[in-house]
Structure formats: C-alpha cells, structure tokens
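K.L.:
In this note's numbering, the protein residues as written are 43 to 354.
In this text, a Cβ means the ideal position worked out from N, Cα and C, and glycines have one as well.
Here's what the structure looks like:
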C-alpha cells in the first residue's frame, strides 16, 4: 500500500488544529489503497500548538512532529517537513487553517493515480478577497511570470500533491532563501491542477499582513532569475540615448534659433528624475546583494528543536 504524507506547517494554530484534525481524519478514511501519515512542522509557535500536537502524537505513530527552535517562516518549515515527507510515495501540503479544504486530498489522489507528479490547487476566483488584495495578487503573478525563468500558475498557493521524485528534486536545490512555489514549478515533471473555492479561515487569525506579503513578493521575484538586473541595463541605455537626443535638440535651438536654455525648474525636475532612477536601480542591486549575502553565510534555513515519531 502506497504512503502519502500530509505536510502541515503551523504557527500559533491552537484554535484551528482540533478542527483540522477532525476534518482531515474524516477525509482520509474515505480514501482507499493508500495509507496516510501526518508531518506537522511547528514553526516556533508561542501558544499551545506544540502541546496539542504532542497529545495527537502520543501513541499515534502516523503523527510525526518536527518542532523548530524558533519561527523561521513558512518556506523554511516546508523545507524541514519535506525532508521527512520525501520518504513517502507522495506528499500533500496543507495549511491548518482549513482554507486548503481537506476534501482536495481525494482529487489529488485521483490525479496521482493517473500518473501526475505535481497536482496543485488553483482558486476559481478571488471574490471573497478585498479589492486591494485582488489587484495586488494579480499584479504579483503578472510581474513574476514576466520576469521568471519558469512561470508559476496564477492563484495557486502551496497546497498541492507532489510525488517522491519531485520532493527529492526540490530538496536537492541548495539555496537557503527558498521560494517554494517557484521551486515546485522549476523542477518540472508532469503537472496538472484542481480547481477549488477557497473558504474562510475556520478559526484563529492570519499571520500574514501586507508588509510581510510585500517582502515575500520581493523575495519571490528576486528568486525567479536575474532579468530585473538586466532590465536596468537596457533602461539606462534608453535613458542615455534620450538624454543625448534631447541635448542635441536644446543645443540646436540655442545655436540656430537663439532660444534660451530652460531654467531652474526644468533642471530640478531632470535632476530629481535621474536621482530617483539611480536609487531604484541601486535598490534592485541591493535586493540581489542581500540574497548573495545570505547564501555566502551558508547558515541552515532552519534549526530543529525536537522531533517526535520521526525516522531519524
């Protein structure tokens, strides 16, 4: 019987964890020909999440717990769990807030039987999101896919099933600043999607705010490739050509028509514009330098505090 690991990262989810367990247990009992195990990654929770997980794991060997030394972020938590989950035939990534409906497990398994290595959950619409969230999310996917070496599907999160060989391929990638959606897409293999309607969070509060989402988007875009750096070369070249042509026009008007050269206001606008362009370009370079700085330090993406029922 093939084994599927349910990989669930958690950070302060004491309110929703019992609901998640009850709902997921109901779903997996209806799936035939597969056995399941849980791999919960406690990402430095400060509430009773770890205690509740230990209660679930007490005498229940299919429940495995990896507790990190502090909050390292979801990408690190997924990486930690994937190292354990890769020993199963397939891994399903789920959020504990039930916004990734456990019923998707049934659809994932059916597609997996058909020979797909990656099956991701794709939202049918974003009508429940705020106007700003819909606009910003759409802008992120358009910008990312325009710059990335390999695009990611719009409106698809981390919720997905991946086969063992996909998990092993992702784990073989050495970078420490990890954008998991981009890595899942980059490794390739046979891929399909399952459409679903994203429900409201079952309990508790989201741990994401707009500032964290903004930084997450920047991390994802800089992880997608080096095209943003190359674009500034062409943008600078275009500005230089424009400035040269404009200088020739101004000089021609002065020499042949006697028109006075534009004064203080136009000069200040030009200086401020080019100063802004230079600062933006330095910011882009700084984003890439910060990633190089992190990679050169070669610190591990996470540190494990304790493991329960794990194989190693």
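#1: Can you list, in chain order, the residues of its chain with a C-beta nearer than 7 Å to that of residue 138? Leave out the 5 residues immediately preceding and following it.
#2: What are the start and end residues of each continuous beta strand (DSSP E) run of 3 or more residues lying completely inside the stretch 138–226, in chain order?
#3: Touch check for the stretch 174–193 and the stretch 215–231: three-plus C-beta pairs under 8 Å?
#4: Looking at the strands, I want to know which residues DSSP matches up with residue 78.
#5: Rounded to the nearest angstrom, what separates residue 176 and residue 100 at their Cα positions?
#6: With three or more C-beta pairs closer than 8 Å as the rule, is the stretch 179–189 touching the stretch 86–101?
#7: Can you tell me which of the three DSSP states residue 132 falls into?
#8: For the stretch 197–205 and the stretch 270–285, state whether three or more C-beta atom pairs, one from each stretch, are separated by less than 8 Å.
#9: Closest to residue 120 by CA distance: which of 47, 281, 318 is it?
#10: Residues bridged to residue 84 by DSSP?
#11: Within 10 Å of its beta-carbon, does residue 165 have 16 or more other beta-carbons around it, so buried, or fewer, so exposed?
#12: Going by beta-carbon coordinates alone, are residue 236 and residue 153 separated by less than 8 Å?
#13: Considering Cα atoms alone, identify which of 147, 290, 240 is closest to residue 72.
#14: Take every Cβ of the stretch 217–224, pair it with every Cβ of the stretch 336–348, and state whether three or more of those distances are shorter than 8 Å.
#15: Is residue 236 helix, strand or coil by DSSP?
#16: If you draw a straight line from the C-alpha of residue 159 to the C-alpha of residue 210, how long is it?
#17: Where do the N-terminal and C-terminal ends of the beta strand (DSSP E) with residue 57 fall, by residue?
#18: Between the Cα of residue 345 and the Cα atoms of 131, 118, 97, which residue gives the shortest distance?
#19: Counting C-beta neighbours from all protein chains within 10 Å, is the total for residue 64 16 or more, i.e. buried, or is it exposed?
#20: On a Cα-Cα basis, can you pick out the residue from 123, 124, 82, 265 that is closest to residue 105?
#21: Does DSSP put residue 73 in a helix, a strand or coil?
P.N.:
Per the coordinate set shown:
#1: Contacts found: 50, 52, 55, 58, 59, 62.
#2: Correct list: 160–165, 198–205.
#3: A contact between stretches requires three or more CB pairs, one per stretch, nearer than 8 Å, and the stretch 174–193 meets this requirement with the stretch 215–231.
#4: Its beta-bridge partners are 46.
#5: Distance between the alpha carbons of residue 176 and residue 100: 42 Å.
#6: Touching, no, given that fewer than three Cβ pairs across the two stretches are closer than 8 Å.
#7: DSSP places residue 132 in strand when its eight states are reduced to three.
#8: With the cut-off at 8 Å, the stretch 197–205 and the stretch 270–285 do not touch.
#9: The shortest Cα separation from residue 120 among 47, 281, 318 belongs to 47.
#10: Looking at the DSSP assignment, residue 84 forms a beta bridge with 52, 109.
#11: Buried.
#12: Contact: yes.
#13: Nearest option by C-alpha distance: 147.
#14: Using a C-beta cut-off of 8 Å, the stretch 217–224 makes contact with the stretch 336–348, since at least three inter-stretch Cβ pairs fall below that distance.
#15: Three-state result, residue 236: strand.
#16: Residue 159 and residue 210: Cα-Cα distance of roughly 12 Å.
#17: Counting along the chain, residue 57 falls outside any beta strand (DSSP E), and DSSP gives it neither H nor E.
#18: Checked all of 131, 118, 97; the closest Cα to residue 345 is 118.
#19: So residue 64 counts as exposed.
#20: Minimum Cα distance to residue 105 is reached at 82.
#21: Residue 73 carries a coil assignment under DSSP once its states are collapsed to helix, strand and coil.
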